[in-house]
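Chemist: The opening position of the sequence shown corresponds to residue 1 in full-length UniProt numbering, with each subsequent residue numbered one higher.
Handing you this structure, nothing more for now.
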Amino acid sequence: MKNTFIGVNLIPQNDEERLQKLQEFDILNTPPEGAFNHIAAMAARMFNVPIALVALVDSERVWFKANVGMEGVENVSRGISLCSLAILNDGPTVFPDAVNEPCLLANPLVTGNFGLRFYAGAPLRTAEGYNLGTLCIVDKQPREFSEADQKVLSQLAAIVMDEIELRYLRKKVVEDPVA
């Protein structure tokens, strides 16, 4: 994987266990689902941004379980996705104006035609403490993002994680109703 983030190691120390947990949820490459789409759409409207994603960070790519504003794009390389940075933190990751961030100066989403300027992502954190991905919002204009906004984004991310866990439990009951 090519890492486009200057001076940042994108691989957390617990990445092997994190990826194992992500695989356990059996959510990668699954069809769109209402709850995830609704939360992403709600985030886009609440924060008045053109793009909102439920993004899961796999070993080589970041896959979108929900996608508002980048329809038709299913995933991006882990080495260019800002969600790869966001899973390194336990709280929200915010770049009010990405072109002013030294670690993003070689990132093609920021410096290329896409023109990413604002990013905020809250981790999708399991009960065991693994950050599987993010609920993130993106804009092509710089913007401020208050602590109150960060708290709301984190709460929405917690709802996404609840949905992931409920989805897993429902599937487990269907597969093995006796357990």
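Where is the CB? At the ideal position from N, CA and C, for every residue including glycine.
Computed from a predicted model, the values in this text were never measured in an experiment.
Sorted by chain position, which residues of the same chain lie with C-beta nearer than 6 Å to A106's C-beta, five sequence neighbours on each side aside?
Modeler: Locating residue 106 in the sequence shown gives position 106, where the first residue counts as 1. Closer than 6 Å at Cβ, skipping near neighbours: T4 and I6.
Chemist: In the DSSP output, what is V62 paired with across the bridge?
Modeler: Here the question's residue 62 lines up with position 62 in the sequence shown. Answer by DSSP bridge pairing, in chain order: V57 and V76.
Chemist: For the candidate residues E33, K140 and L132, whose alpha-carbon lies nearest to that of N113?
Modeler: Counted from its first residue, the sequence shown places residue 113 at position 113. Residue K140 is the option with its Cα nearest to N113.
Chemist: Kindly list the residues whose CB is nearer than 6 Å to the CB of F95, restricted to its own chain and excluding five residues on each side of it in sequence; keep chain order.
Modeler: By one-based count along the sequence shown, residue 95 stands at place 95. Around F95: E101 and Y119.
Chemist: Between the C-alpha atoms of R78 and S84, what's the straight-line distance to the nearest angstrom?
Modeler: Your numbering for residue 78 matches position 78 in the sequence shown. Your numbering for residue 84 matches position 84 in the sequence shown. Taking the straight line from one Cα to the other gives about 6 Å.
Chemist: Could you tell me the alpha carbon to alpha carbon distance between R143 and M161, rounded to whole angstroms?
Modeler: Your numbering for residue 143 matches position 143 in the sequence shown. Your numbering for residue 161 matches position 161 in the sequence shown. Cα-Cα distance, rounded: 26 Å.
Chemist: The alpha helix (DSSP H) with residue 206 in it runs from where to where?
Modeler: The structure shown does not extend to residue 206, since the chain is modelled only from 1 through 179, so no value can be given for it.
Chemist: In terms of residues, what are the limits of the beta strand (DSSP E) holding N131?
Modeler: Taking the sequence shown and counting its residues from 1, the one referred to as residue 131 is at position 131. Start and end: N131 to D139.
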